[in-house]
Amino acid sequence: MTYPEKPILVLVDVTPDGQLASSTAGLLGAASTLGAPVAVLVGGDAAATAAVAALGAQVVLTAEGDASRLTVPLADALQAAYRAVRPDAVLLSNSIAGRDVAGRLAVREHLALSVDAVGVSRDDEGVVVHHSVYGGAYLTDSAPTFGAPVITVRQGAIDARGEAVADPQVEQLGVEPSGAPAASADVIEAVEAASSRPELRGAKVVVSGGRGLGSKENFSLVEDLADELGAAVGASRAAVDAGYIPYAHQVGQTGVSVSPQLYIALGISGAIQHRAGMQTAKTIVAINKDPESPIFDVADFGIVGDLFTVVPQLIEALRARKA
Amino acid sequence: MKIYVLVKEVPDTYGDRKLDLETGLADRGAGDVVLDEITERALEVALSHADANPGTEVVALSMAPESATASIRRSLAIGAGSAVHVCDEALRGADLGLTASVLAAAIRRGEPDLVITGNLSTDGSGGVLPAMLAEHLGYAQATALSAVAIGADAVTATRATDFGSQQVTVPLPAVISITEALPDARFPNFKGIMAAKKKPLEVVSLADLGVSADPAQAPQAILTAVSEKPPRAAGVKITDEGDAAAQLVDFLVQNRLV
Ligand SMILES: Cc1cc2nc3c(=O)[nH]c(=O)nc-3n(C[C@H](O)[C@H](O)[C@H](O)COP(=O)(O)OP(=O)(O)OC[C@H]3O[C@@H](n4cnc5c(N)ncnc54)[C@H](O)[C@@H]3O)c2cc1C
Ligand SMILES: Nc1ncnc2c1ncn2[C@@H]1O[C@H](COP(=O)(O)O)[C@@H](O)[C@H]1O
Chain Y
1 MTYPEKPILV LVDVTPDGQL ASSTAGLLGA ASTLGAPVAV LVGGDAAATA AVAALGAQVV
61 LTAEGDASRL TVPLADALQA AYRAVRPDAV LLSNSIAGRD VAGRLAVREH LALSVDAVGV
121 SRDDEGVVVH HSVYGGAYLT DSAPTFGAPV ITVRQGAIDA RGEAVADPQV EQLGVEPSGA
181 PAASADVIEA VEAASSRPEL RGAKVVVSGG RGLGSKENFS LVEDLADELG AAVGASRAAV
241 DAGYIPYAHQ VGQTGVSVSP QLYIALGISG AIQHRAGMQT AKTIVAINKD PESPIFDVAD
301 FGIVGDLFTV VPQLIEALRA RKA
Chain W
324 MKIYVLVKEV PDTYGDRKLD LETGLADRGA GDVVLDEITE RALEVALSHA DANPGTEVVA
384 LSMAPESATA SIRRSLAIGA GSAVHVCDEA LRGADLGLTA SVLAAAIRRG EPDLVITGNL
444 STDGSGGVLP AMLAEHLGYA QATALSAVAI GADAVTATRA TDFGSQQVTV PLPAVISITE
504 ALPDARFPNF KGIMAAKKKP LEVVSLADLG VSADPAQAPQ AILTAVSEKP PRAAGVKITD
564 EGDAAAQLVD FLVQNRLV
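Listed in order, the protein sequences are those of chains Y and W. Residues 1 to 323 in our numbering are what the first sequence lists, from first letter to last. Residues 324 to 581 in our numbering are what the second sequence lists, from first letter to last.
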């Protein structure tokens, strides 16, 4: 088999029902800035094959999935693809599944590993990986001393998009099972009902609520404002710990890092660990009744006030504007 | 059963975390250091199993500079039976690949049935070591566990994925990583702190482990540039006197955000 020059291998994440995960567009976008995207699609259907090509994959290497065993089947498939293609770099999503496979491939093939990239580029010596660390306080670059790097890419961080490929080269991968011991896994159950709201990662507008909401019932106020603005819903760890909303919505150091155009924090004090996940937002708005809250140190527009008074008025005013 | 818990000292997130702009490494002089909260939770998973199952051996393992002794002692004070501290000048600035080789070599010496780690460290945020260790050791792996039951031959657990949660069963020997959904560690009491002084804390070097840090041996990810972003400045702050919502709408409109 022949592959295009400067191949960049991309392992795409596939949802439990065989569709492409939302991280795919950014991954192929990043790959297309480095070379020719070669996608590895494990357990996707024909529609998924067409969809990766539409997002920029020049080659699609497919393999059967085995969702009943964790990580090892994916690592075996990616390793087979790596050996066939000998790419300049391997990109995966910085998702739980992506990180697990990245770690295993880097050990198996003795490759340098760079994680949580917010960008990738090339210089004279090869591929350079860009990172945003300590909550965006520092920007760093990393590069492999030699060999192709394995890179996990932060979800929602890449704006580049690949060009649709009308006639991709599609091949079935021959995968030799490694026989490595694996955990067995049951089906994945969604922790919350599917929502029409935008996903937190990569959202243009995020409305987040904290302990100041006081209860799960009251937290719906955050959702109401989010819906008025077409925003994704975020939360502080205190709100997640109190059970107002599932963990997937946690913004911060141990949650999701977001960089939206607009971030609105309601009843959030702005602890350093929360700020680490949102302070790279373009514009920050905060509503908090405590004028000393550290969230005001990073807010472009801060309101000292009771959110239960201000937010309903805000929703009213936004509605009135639209009408 | 023998359980290794991987504990790590990190810059305290409540303080100022700085990178050295020359080397790109964490500036350890800049703020306080603490035992990473997530690795204390990992320790708690092992200790609560040991409470219910006498004969369980819990070993804390860390790769860290010499200055981290106090943090490693803290894991003994919380309740680990012994500790292994991998410490070697040649490990300064070690990347993920070298860290994984070193920790895997240290685990191999102890031959535990189970290795428990945090899902992500708060400084590196790699989240890749558990899988790397499993690959090195030839163990099964299950990451991002939010509920864990340790049995004689397997761990059954609830695992977070990007699409929902799932039940998993991982045969021993295994590497597992846990999330912050699991409880905080117990607080070390006076008795624990006194006992920790007498517990074994073995310090091992790269030579003891037979691992080489020679950069020609395997590719490493190295830092090639570091820059600091200017801190964010505060903007306007108004106190609500009945018209704050209206003022906010004006601000959003002016900035084309609605
Ligand atoms: C290792 C580690 C990792 C962490 N990771 C994260 C993380 O990823 N994300 C995260 O968010 N936190 C994280 N934290 C926790 C963090 O330190 C804070 O505890 C948390 O962010 C606080 O959440 P909060 O602001 O909602 O609650 P609080 O700090 O309790 O603040 C609630 C705020 O609501 C305001 N308020 C109350 N009532 C009203 C009202 N009616 N109107 C207006 N304002 C009101 C109060 O003035 C207060 O400022 C982490 C901590 C550690 C140690
Ligand atoms: N230097 C280290 N020493 C001991 N354990 C570590 C070290 N680095 C990482 N770990 C463990 O691996 C987990 C995940 O780390 P990371 O892959 O760096 O995010 C951490 O929570 C620790 O349990």
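We put the CB at the ideal spot given by N, CA and C, even for glycine.
Heavy atom of ligand 2 less than 7 Å from the Cβ of residue i, yes or no?
| i | result |
| --- | --- |
| Gly447 (chain W) | yes |
| Ile361 (chain W) | yes |
| Thr466 (chain W) | no |
| Val107 (chain Y) | no |
| Pro453 (chain W) | yes |
| Leu384 (chain W) | yes |
| Val330 (chain W) | yes |
| Gly135 (chain Y) | no |
| Ser500 (chain W) | yes |
| Ser583 (chain W) | Past the boundaries of the shown model lies residue 583 (chain W); chain W is included only from 324 to 581, so the question cannot be answered. |
| Ala387 (chain W) | yes |
| Thr152 (chain Y) | no |
Considering only their Cβ atoms, is the gap separating residue j from residue i smaller than 8 Å?
| i | j | result |
| --- | --- | --- |
| Pro149 (chain Y) | Val59 (chain Y) | no |
| Ala239 (chain Y) | Glu176 (chain Y) | no |
| Ile272 (chain Y) | Tyr327 (chain W) | no |
| Val187 (chain Y) | Pro294 (chain Y) | no |
| Leu266 (chain Y) | Val311 (chain Y) | yes |
| Pro87 (chain Y) | Ala544 (chain W) | no |
| Gly416 (chain W) | Thr362 (chain W) | no |
| Ile268 (chain Y) | Ser236 (chain Y) | yes |
| Gln261 (chain Y) | Thr283 (chain Y) | yes |
| Val85 (chain Y) | Ala39 (chain Y) | no |
| Thr547 (chain W) | Asp141 (chain Y) | yes |
| Val72 (chain Y) | Leu41 (chain Y) | no |
| Val207 (chain Y) | Ala190 (chain Y) | no |
| Ala429 (chain W) | Val549 (chain W) | no |
| Val14 (chain Y) | Ala25 (chain Y) | no |
With a cut-off of 8 Å, does the C-beta of residue i fall near any C-beta of chain Y?
| i | result |
| --- | --- |
| Tyr337 (chain W) | yes |
| Met455 (chain W) | yes |
| Ala581 (chain W) | It should be pointed out that residue 581 (chain W) corresponds to Val in this sequence rather than to Ala. Cβ-Cβ to chain Y under 8 Å: yes for Val581 (chain W). |
| Leu532 (chain W) | no |
| Glu363 (chain W) | no |
| Ile275 (chain W) | The displayed coordinates of chain W run from 324 to 581. Any statement about residue 275 (chain W) would go beyond what the structure contains. |
| Ser385 (chain W) | no |
| Ala391 (chain W) | no |
| Val356 (chain W) | no |
Would you say residue i lies against chain W (beta-carbon separation less than 8 Å)?
| i | result |
| --- | --- |
| Phe308 (chain Y) | no |
| His249 (chain Y) | no |
| Val120 (chain Y) | no |
| Pro37 (chain Y) | no |
| Asp159 (chain Y) | no |
| Thr2 (chain Y) | no |
| Pro16 (chain Y) | yes |
| Asp76 (chain Y) | no |
| Gly243 (chain Y) | no |
| Tyr138 (chain Y) | yes |
| Gly126 (chain Y) | no |
| Gln279 (chain Y) | yes |
| Ile8 (chain Y) | no |
With respect to 7 Å, is the separation between the Cβ of residue i and the closest non-hydrogen atom of ligand 1 below this value?
| i | result |
| --- | --- |
| Val10 (chain Y) | no |
| Ile401 (chain W) | no |
| Asp290 (chain Y) | yes |
| Asp507 (chain W) | no |
| Ile473 (chain W) | no |
| Gln313 (chain Y) | no |
| Leu366 (chain W) | no |
| Thr336 (chain W) | yes |
| Leu571 (chain W) | no |
Can you check DSSP and say which residues form a bridge with residue i?
| i | result |
| --- | --- |
| Val206 (chain Y) | Y:Ala232 and Y:Tyr263 |
| His130 (chain Y) | Y:Gly119 and Y:Asp141 |
| Tyr327 (chain W) | W:Val382 and W:Val438 |
| Lys560 (chain W) | Y:Gly302 |
Does the beta carbon of residue i come closer than 8 Å to any beta carbon on chain B?
| i | result |
| --- | --- |
| Pro388 (chain W) | Any reference to chain B falls outside this structure, whose protein chains are Y and W. |
Chain-ordered residues of the stretch 178-195 of chain Y with a beta carbon less than 9 Å from chain W: Ala180, Pro181, Ala182, Ala183, Ser184, Ala185, Asp186, Val187, Ile188, Glu189, Ala190, Val191 and Glu192
Taking a cut of 9 Å between CB atoms, which residues from the stretch 427-448 of chain W lie near chain Y? Ala427, Asn442, Leu443, Thr445, Asp446, Gly447 and Ser448
Can you pull out the residues from the stretch 87-107 of chain Y whose beta carbon lies closer than 9 Å to at least one beta carbon of chain W? Ser93, Asn94, Ser95, Ile96, Ala97, Gly98, Arg99, Asp100, Val101, Ala102, Gly103, Arg104, Leu105, Ala106 and Val107
What residues from the stretch 549-578 of chain W come within 7 Å of chain Y, judged by C-beta to C-beta, listed N to C? Cβ contacts with chain Y come from Val549, Ser550, Glu551, Lys552, Arg555, Ala557, Gly558, Val559, Lys560, Ile561, Thr562, Asp563, Ala567, Ala568, Ala569, Leu571, Val572, Phe574 and Asn578.
Can you list, in chain order, the residues of the stretch 515-547 of chain W whose Cβ is nearer than 7 Å to any Cβ on chain Y? Pro538, Ala541, Pro542, Gln543, Ala544, Ile545, Leu546 and Thr547
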